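Asks:
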Amino acid sequence: MTSKKAKSIDWFTNARFGMFIHWGLYAIPARGEWVRSQERISNEDYEIYFREFNPINYNPHEWAQLAKYAGMKYAVMTAKHHDGFCLFDSKLTDYKSTNTPAKRDFIKEYVDAFRKENLRVGLYYSLLDWHYDEYPAYNDPYHPMRGNELFKNKEYDFSKYVDYMHGQVRELATNYGKLDIMWFDFSYEDKTGDAWRASDLVKMIRSNQPEILINSRLGGNLKSKNPEIYAGDFATPEQMIPTEGVFDELGNPVPWEACITMNDHWGYCAVDKNFKSAKQIIRLLVECVSKDGNLLLNVGPNAKGEIPEESVEVLLQIGKWMNKNSDSIYNCGLSELPKPEWGRYTKNGKKLYAHIFERGLGPIVLKGLKGKVNKARLLSDLSEIKVTDYWHDNLDGQDCAFLDVQWAGLPDEIDTVIELELK
């Protein structure tokens, strides 16, 4: 990795926590962002939402303040999703937010608002496009008009679509100031790598945005010892966390970011109330960091432009925990110690953070740390915790240090963090 590339990814691997925003016309039917594909809705029948879209309560400054309070350091917002609708003022299509009753460039407002809060900004761009006329439909596995006889004999010039897609990405890379992330979604079957003219696309993006990070969904193999130019800067496991992090063929760590939903949809779904708790999400964040990864947590605003109350409530609870414990997240990563039975470790230099999820009986045992801990403090208030290398006869001889805690339960049921200063 070149020093310039390493420098530009440093902020990302230090940040650890970001906000994903899935928003568009699909907030009106409110059945998730794949509604067109799942219900096979034609362009004509979907048009009603375009003519109606007017999110009067869209206030990206509030979104940015919420993300910042929750402890997030960056955000990624959908500039265009699979339905082809653009939340930015593209000169290459009429199918954009500036032509809806809203008459606003929502992406411009987003990047300005998030930058004002000193958050890094990223844009999501869908490689698929179910609205564009030259995007193949009949034999495509996802297109709303797949298998539709009216499209069976339709001729396509896919190169026209690829030209259009490159043109739109160029607009995003040149008209919205410095971008920190370009997040593509997604490659499949023969639509991968060269089919997108991905090498040219990446060269164009980097010529306009030299420090930008690009995700791994243009195709290629990021884990190869000689990855393609378009293989990306970081891997993007979706709705799961890798068992041991992500490594290339030579065993070197690969930067990665798990993207997860708060409920069961990315885009707003009115009936989906299956929200994860703040406790679940904080522990997922800790798991990601303990494996050298990031967490990109999604919100799906509604048709008025409001982040759902349930999501806001969870983010506020996460923020409350982060306010006291973020030293164990930012700039932290993998420790060389195996996963302890009571929780997880994260590490930053000489500081080792014990994330205690379960309170057993007696002392908290730190395997492999006998004689290695200088001092221990409860991170939330920096109160002293006694640390000793000996605990009664039956545990002598083991390579362990012991935290002599006086609590019957945990001070913080979500995650009690103890900062260990190593010798």
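Residue numbering for the sequence shown follows the UniProt record's numbering, beginning at 1 and increasing consecutively.
A virtual CB, placed ideally from N, CA and C, is assigned to each residue, including glycine.
All values reported here derive from a predicted model rather than from experimental measurement.
1. Would you call the stretch 223-233 and the stretch 15-33 touching, i.e. three or more CB-CB distances under 8 Å?
2. Leu123 and Trp196 look like a contact to me (Cβ under 8 Å); what is the Cβ gap, rounded to whole Å?
3. Rounded to whole angstroms, what is the Cα-Cα separation between Thr100 and Tyr330?
4. Between the stretch 261-277 and the stretch 306-317, can you find at least three pairs of beta-carbon atoms closer than 8 Å?
5. What is the residue span of the alpha helix (DSSP H) that Trp63 lies within?
6. On the CB-based measure, 16 or more other CB atoms within 10 Å of its CB, does Pro340 come out buried or exposed?
7. Counting only the same chain and skipping the five closest in sequence on each side, list residues whose C-beta sits under 6 Å from that of Lys324.
8. Is the CB-CB distance between Ile107 and Leu92 below 8 Å?
9. If we ignore side chains and look at the alpha-carbon of each, how far apart do Glu228 and Lys203 end up?
10. Excluding five sequence neighbours on each side, which residues of the same chain lie with their C-beta closer than 6 Å to the C-beta of Ala15?
11. Along the chain, where does the beta strand (DSSP E) containing Cys259 start, and where does it finish?
12. With DSSP collapsed to three states, give me the class of Asn125.
13. Taking the alpha helix (DSSP H) that Val289 falls in, what are its first and last residues?
14. With distances taken Cα to Cα, identify the nearest neighbour of Gly39 among Ser126, Tyr156, Asn148.
15. Ser207: buried (16+ other C-beta within 10 angstroms of its C-beta) or exposed?
16. Jot down the residue ranges of each uninterrupted beta strand (DSSP E) in the stretch 343-379, minimum 3 residues, whole runs only, in chain order.
17. Select from Val76, Asp327, Asp89, Gly193 the residue whose C-alpha is nearest the C-alpha of Thr346.
18. Let me check understanding here. Comparing Cα to Cα, which of Glu287, Pro253, Phe85 lies closest to Phe357?
19. Ignore the nearest five residues each way along the sequence and tell me which others in Gln209's own chain have a CB closer than 8 Å to its CB.
20. According to DSSP, is Thr13 part of a helix, a strand, or is it coil?
21. How long is the line joining the alpha carbons of Ser3 and Glu211, rounded to whole angstroms?
22. CA-CA distance, Ser216 and Ser187?
23. So, using beta-carbon positions, are Glu33 and Ser90 closer together than 8 Å?
24. Would you report the Cα separation of Glu109 and Tyr26, rounded to the nearest angstrom?
25. When you compare each of Asp185, Asp45, Asn302 to Ile56 by their alpha carbons, which one comes out closest?
26. Arg31 bridges to which residues according to DSSP?
Replies: The answer reads as follows:
1. no
2. Your numbering for residue 123 matches position 123 in the sequence shown. Your numbering for residue 196 matches position 196 in the sequence shown. With a Cβ gap of about 16 Å, Leu123 and Trp196 do not count as contacting.
3. By one-based count along the sequence shown, residue 100 stands at place 100. By one-based count along the sequence shown, residue 330 stands at place 330. The alpha-carbon atoms of Thr100 and Tyr330 are separated by roughly 40 Å.
4. yes
5. Locating residue 63 in the sequence shown gives position 63, where the first residue counts as 1. It spans 60-69 - the alpha helix (DSSP H) in which Trp63 sits, taken as one unbroken run.
6. Stepping through the sequence shown from its first residue, residue 340 is reached at position 340. By the neighbour-count rule (16 or more Cβ atoms within 10 Å), Pro340 is buried.
7. As a working mapping, residue 324 is identified with position 324 in the sequence shown. Cβ neighbours of Lys324 beyond the five flanking positions: Ser380.
8. Counting from one through the sequence shown, the residue named residue 107 turns up at place 107. Counting from one through the sequence shown, the residue named residue 92 turns up at place 92. No, the Cβ-Cβ distance between Ile107 and Leu92 is not below 8 Å.
9. Numbered from its first residue, the sequence shown carries residue 228 at position 228. Numbered from its first residue, the sequence shown carries residue 203 at position 203. Roughly 12 Å between the two C-alpha positions.
10. The sequence position of residue 15 within the sequence shown is 15, counting from 1. Cβ within range, chain order: Lys73, Tyr74.
11. As a first step, residue 259 is located in the sequence shown; it is residue number 259 there, counting from the start. Note, Cys259: beta strand (DSSP E), 256-260.
12. Translated into positions along the sequence shown, residue 125 becomes position 125. Strictly speaking, residue 125 in this sequence is Tyr, with Asn absent from that position. Note: Tyr125 maps to strand in three-state DSSP.
13. By one-based count along the sequence shown, residue 289 stands at place 289. That run of the alpha helix (DSSP H) goes 278-290.
14. Position 39 of the sequence shown, counting from 1, holds the residue named residue 39. Checking the displayed sequence, the identity of residue 39 turns out to be Glu instead of Gly. Answer by Cα proximity: Asn148.
15. Counted from its first residue, the sequence shown places residue 207 at position 207. Classification for Ser207: exposed.
16. 343-348, 351-356, 364-367, 373-378
17. The residue given as residue 346 occupies position 346 in the sequence shown. Considering only alpha carbons, the answer is Asp327.
18. As a first step, residue 357 must be located in the sequence shown, where it is residue number 357. Of Glu287, Pro253, Phe85, the residue nearest in Cα terms is Glu287.
19. Position 209 of the sequence shown, counting from 1, holds the residue named residue 209. Around Gln209: Ala173, Lys178, Leu179, Met182.
20. Here residue 13 is taken as the residue at index 13 of the sequence shown, counted from 1. Thr13: helix per DSSP, three-state reduction.
21. Locating residue 3 in the sequence shown gives position 3, counting from the first residue. Locating residue 211 in the sequence shown gives position 211, counting from the first residue. Confidence is the limiting factor: at Ser3 the pLDDT is only 47, short of 50, which leaves the residue's position unreliable, though a coordinate-based value still follows. Rounded to whole angstroms, Ser3 to Glu211 spans 11 Å at the Cα level.
22. Here residue 216 corresponds to residue number 216 of the sequence shown, with the count starting at 1. Here residue 187 corresponds to residue number 187 of the sequence shown, with the count starting at 1. Distance between the alpha carbons of Ser216 and Ser187 is about 10 Å.
23. Residue 33 sits at position 33 when you count from the first residue of the sequence shown. Residue 90 sits at position 90 when you count from the first residue of the sequence shown. No, the pair does not count as a contact, with Cβ atoms beyond the cut-off.
24. Translated into positions along the sequence shown, residue 109 becomes position 109. Translated into positions along the sequence shown, residue 26 becomes position 26. About 20 Å.
25. Translated into the one-based positions of the sequence shown, residue 56 becomes position 56. The shortest Cα separation from Ile56 among Asp185, Asp45, Asn302 belongs to Asn302.
26. As a first step, residue 31 must be located in the sequence shown, where it is residue number 31. Cys269, per the DSSP bridge assignment.
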